[in-house]
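Trainee: Here my numbering is used: position 36 in the sequence shown is 19, and no number is missing along the way.
Okay, here's the structure, questions in a sec.
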Amino acid sequence: MSTDLRFDELGLPLLTLRMLAVDFPGLPAPAVHVSTIYPNRLELSLYDDMGAFEPWRTALGIAPDAVELREQGERTRVLEGSVDLAGCDVRLIAYGKRPENGGADA
């Protein structure tokens, strides 16, 4: 992390966020994270709504085979994919409950 980083150096992820808000206003609102640690990254997180992942994945152009499904602890399922949009690393992450029966119906 750079202590010398200026706010305008976060312009790429903020501009990308603005573009996504204009281009896809009807998609479910994600939690948004921009960090000085990764100044060219925009993270979009969806909580408790795994169904919101697919429309976002499609809108961002993330290939289905580029999506990782993993378990986090005993109760949480995580979907994650990323794409480069004009130099911005856009990460899409969805967190949801793991099915009670071990995943047979997922």
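The beta-carbon is built from N, C-alpha and C at its ideal position, and this holds for glycine as well.
Note that the coordinates shown come from a computational prediction; the quantities given were computed from them, not determined experimentally.
In chain order, what residues of the same chain lie with their CB nearer than 6 angstroms to the CB of Leu27, ignoring the 5 residues before and after it?
Mentor: The residues are Pro13, Leu75.
Trainee: Indicate whether Val61 and Leu25 have their beta-carbon atoms separated by less than 7 angstroms.
Mentor: It is not a contact, given that the beta carbons lie outside the stated cut-off.
Trainee: CB-CB under 7 angstroms to Asp40, same chain, minus the five flanking residues each way: which ones, in chain order?
Mentor: Inspection of the sequence shows that residue 40 is occupied by Arg rather than by Asp. If we look at Arg40 and ignore the five residues flanking it on each side, its Cβ neighbours are Val50, Gly64, Leu75.
Trainee: Within the continuous alpha helix (DSSP H) that includes Glu37, where are the two ends?
Mentor: Glu37 -> alpha helix (DSSP H) spans 36 to 43.
Trainee: Give me the Cβ distance between Asp6 and Gly79, rounded to the nearest whole Å; I'm assuming they're in contact under 8 angstroms.
Mentor: So it is not a contact: roughly 25 angstroms between Cβ atoms.
Trainee: With a 10 Å radius around its C-beta and 16 neighbouring C-beta atoms as the bar for buried, classify Thr19 as buried or exposed.
Mentor: Classification of Thr19: exposed, given that the 10 Å Cβ count is below 16.
Trainee: Look at the alpha carbon of Leu43 and the alpha carbon of Arg1, and state the distance between them as a whole number of angstroms.
Mentor: Rounded to whole angstroms, Leu43 to Arg1 spans 14 angstroms at the Cα level.
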